[in-house]
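These notes are about the structure you will find just below.
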Amino acid sequence: MSEELDLILADTEDSMGKAINHLETELTKIRAGKANPSMLDGIAVDYYGSPTPINQVANISVLDVRTISIQPWEKNMLAAIERAIMAANIGITPQNDGVQLRLFLPPLTEERRKELVKKAAGEGEHSKVAIRNIRRDAIEQVKKLQKDGLSE
Numbered sequence: 003m004s005e006e007l008d009l010i011l012a013d014t015e016d017s018m019g020k021a022i023n024h025l026e027t028e029l030t031k032i033r034a035g036k037a038n039p040s041m042l043d044g045i046a047v048d049y050y051g052s053p054t055p056i057n058q059v060a061n062i063s064v065l066d067v068r069t070i071s072i073q074p075w076e077k078n079m080l081a082a083i084e085r086a087i088m089a090a091n092i093g094i095t096p097q098n099d100g101v102q103l104r105l106f107l108p109p110l111t112e113e114r115r116k117e118l119v120k121k122a123a124g125e126g127e128h129s130k131v132a133i134r135n136i137r138r139d140a141i142e143q144v145k146k147l148q149k150d151g152l153s154e
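Positions 3 to 154 (this note's numbering) are the ones given, in order, by the sequence shown.
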């Protein structure tokens, strides 16, 4: 196989891997009834003017099946973390007790379960479309190489 073909193949594999990794991270964000610290991974807190991941400014732990505790390393960060969680719109309202924030996850209702299934299916569909587009682009590049006179 030619060097160009190897490059196209490597680029395609890399792009498809990124699409699958993105799907995995999006699916872990979906709350399925259990408290999971990774639900907060995408949330950034304004830390002295720069957006910082919440797990870099606070200790996040699971107290029980439906409660997450967030203890900031600096007490003045409580309000900023609370604002960031509210702005992230994850469906959970933090409770501030002056020392830590607690996130109480409500029990799943049938309606919420259907929403989660719909969201998971939507994420899966987005990934399928992305992989399909990557594959189509790779095939077009290979056809262009063949047209330019390079053999398989």
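Just so it is clear, CB atoms sit at the ideal spot from N, CA and C, and this is done for glycine as well.
In the structure shown, the three-state DSSP call for D48 is strand. A distance below 6 Å between beta-carbons, with the five flanking residues on each side excluded, links Y49 to the following residues of its chain, in chain order: V59.
Per the Cβ contact rule, the region 87 to 103 is in contact with the region 27 to 47 (3 or more Cβ pairs under 8 Å). Under the three-state reduction of DSSP output, R68 falls in the coil class, being neither helix nor strand. The region 23 to 38 and the region 59 to 73 touch, with three or more beta-carbon pairs separated by less than 8 Å.
Assignment of I62 by DSSP, reduced to helix, strand and coil, places it in the strand class. Residue state for N135 is assigned as helix, using DSSP reduced to three classes.
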